[in-house]
Amino acid sequence: MGSKLYEIARFINADSLIRYIEERRHEDGGYCFVSVLDDTNVNDTYYAVKIYNLLGLEIPEKERTVEFLERAIQPQTAVVAIAMAFEGLAMLGAEDVAMEHIDIVFTKYNPLEGKFAVGLGGSEEFGTATPLEATYWVVKAFKAIGYGFSADERDAIRTFVMRFRNGNGYGVKGPTTTMTYQAIYTLRALGYRPPKSPHFRNCELCGDWGGFTQVPYSLPPYLEPTFYAARGLELQGETPGCPRRHIWFIRQLQNPNGGFRRSLELGISNFQNTYRALAVLDFMKRYL
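Structure, rendered in structure tokens:
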């Protein structure tokens with residue numbers, strides 16, 4: 001058992017977690033969170049790689065997964081999915097493969113031409129990706145494969161991101177946890193040092209709940225803002241106020257099949273939720 005998996009097994013059913021992932025790997029090297037469907041996709045495959053990487057485990061038949069992710073990089077593929085494929089390849093030690101396809105990204109995302117994701121397509125959070133979300137994913141992917149933006153490109157991206165500055169965070173109509181993290185991460189990854197935002201702390205729920213919300217002083221908590229808030233606190237060098245309660249919240253989200261859902265209410269497991277739950281656990285357990 002990998003050392004990180006052993007640590008996390010203190011809090012969750014690790015055996016069922018591993019079975020949940022392994023049973024959803026397909027012959028083409030991709031993954032699908034619904035085990036009975038042979039509908040492998042970039043999103044599930046990316047998060048499967050992230051889970052194995054976080055737990056310090058070798059991904060099975062990784063050469064097939066490299067081939068799967070490379071095949072997914074097509075002109076018609078949404079820029080967020082291409083960015084996921086790039087980052088997944090980097091985690092598998094295939095940065096050079098991603099570099100061979102860098103030109104495809106610039107047909108969709110070119111800050112010097114004012115293109116912040118043409119044909120945005122699928123999103124992680126909002127149904128259709130926002131330009132800020134696409135920017136976050138592209139910047140994260142380029143950092144993973146070691147591709148550096150020029151000074152002019154960095155400045156153009158910074159100017160674009162700052163359009164979303166809203167009060168003490170970032171958002172469209174108001175600051176949200178997701179967009180605040182994505183903006184701050186992007187700026188820091190480009191070498192800028194934005195001021196710390198109190199937004200993440202303002203969305204922390206201790207007491208009876210645990211977890212974090214998208215906007216301050218609201219209920220209930222969900223997994224995605226909890227993940228982004230944990231990432232935000234880590235990025236800003238801050239500590240959570242009640243890590244034990246957040247761990248309690250995450251533990252309640254594991255379903256009998258080993259995967260995780262997004263809320264305390266009933267919900268299906270998927271790979272995105274599962275990775276985010278594990279990442280939050282990994283962060284929170286440092287403060288016990």
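The opening residue of the sequence shown carries number 1 in the UniProt record's numbering; numbering runs sequentially from there. C-beta atoms are modelled at their ideal positions from N, C-alpha and C, and glycine is treated no differently. Fair warning: this is a prediction, and the values are worked out from it, not measured in the lab.
If I'm right that residue i touches residue j with Cβ under 8 angstroms, what's the distance once you round it to whole angstroms?
| i | j | result |
| --- | --- | --- |
| residue 183 | residue 170 | 4 angstroms |
| residue 237 | residue 20 | That belief does not hold up - the Cβ atoms of residue 237 and residue 20 are roughly 33 angstroms apart, past 8 angstroms. |
| residue 264 | residue 220 | 7 angstroms |
| residue 99 | residue 46 | That pair is no contact at about 18 angstroms. |
| residue 234 | residue 271 | Wrong, their Cβ atoms sit about 22 angstroms apart, outside the cutoff. |
| residue 292 | residue 131 | No answer is possible for residue 292: it lies beyond the span of the chain, which begins at 1 and ends at 288. |
Do residue j and residue i have their beta-carbon atoms positioned less than 8 angstroms apart in this structure?
| i | j | result |
| --- | --- | --- |
| residue 240 | residue 185 | no |
| residue 278 | residue 82 | no |
| residue 180 | residue 197 | yes |
| residue 292 | residue 144 | Because the chain is modelled from 1 through 288, residue 292 falls outside the range shown and cannot be assessed. |
| residue 253 | residue 223 | yes |
| residue 291 | residue 72 | As displayed, the chain neither begins before 1 nor continues past 288, which places residue 291 out of reach and without an answer. |
| residue 245 | residue 190 | no |
By Cβ distance below 7 angstroms, which residues in the same chain neighbour residue i in space, the five residues on each side in sequence not counted?
| i | result |
| --- | --- |
| residue 268 | 261 |
| residue 127 | Any reading at residue 127 must be qualified, since the residue scores a pLDDT of 45, below 50, and its modelled position is unreliable; the value itself is stated next. Excluding positions up to five away in sequence, the list is empty. |
| residue 39 | 32 |
| residue 104 | 73, 75 and 82 |
| residue 102 | 147 |
| residue 156 | 111 and 112 |
| residue 255 | 261 and 269 |
Using C-beta distances below 6 angstroms, list every residue in its chain close to residue i, excluding the 5 sequence neighbours before and after it, in chain order.
| i | result |
| --- | --- |
| residue 25 | 31 |
| residue 6 | none |
| residue 280 | 226, 227, 230 and 250 |
| residue 97 | 70 and 89 |
| residue 10 | none |
| residue 66 | 92 and 94 |
| residue 29 | 64, 65, 67 and 68 |
| residue 213 | 203, 221 and 225 |
| residue 167 | 175 |
| residue 84 | 42 and 46 |
| residue 74 | none |
| residue 14 | 5 |
| residue 308 | Residue 308 lies beyond the range of the chain shown here (1 to 288); nothing can be said about it. |
| residue 285 | none |
| residue 210 | 245, 246, 248 and 249 |
| residue 232 | 181 and 200 |
Considering only residues of the same chain and omitting the five flanking positions on each side of residue i, which have a CB-CB separation below 8 angstroms?
| i | result |
| --- | --- |
| residue 152 | 112 |
| residue 330 | This structure does not reach residue 330, given that the chain is present from 1 up to 288, and the question cannot be answered. |
| residue 60 | 22 and 25 |
| residue 215 | 174, 175, 176, 177 and 203 |
| residue 165 | 183 |
Answer yes or no: does any C-beta atom of chain D fall closer than 8 angstroms to that of residue i?
| i | result |
| --- | --- |
| residue 190 | Absent from the structure is chain D; it holds one protein chain and no more. |
Which parts of the stretch 166 to 207 are runs of the alpha helix (DSSP H), unbroken and 4 residues or longer, counting only runs that do not cross its ends? 177 to 189 and 199 to 202
Would the stretch 133 to 142 and the stretch 155 to 174 be scored as touching if the rule is three or more Cβ pairs under 8 angstroms? yes
With contact counted as at least three CB pairs below 8 angstroms, one residue from each stretch, are the stretch 101 to 120 and the stretch 67 to 80 in contact? yes
Runs of 4 residues minimum, wholly inside the stretch 58 to 94: which ones carry the alpha helix (DSSP H) assignment? 62 to 72 and 79 to 91
Within the chosen definition, does the stretch 202 to 219 reach the stretch 241 to 256 through at least 3 CB pairs nearer than 8 angstroms? yes
Secondary structure, beta strand (DSSP E): runs of 3+ residues fully inside the stretch 227 to 277: none
Counting Cβ pairs, one atom from each stretch, are 3 or more of them under 8 angstroms apart for the stretch 48 to 61 and the stretch 91 to 102? yes
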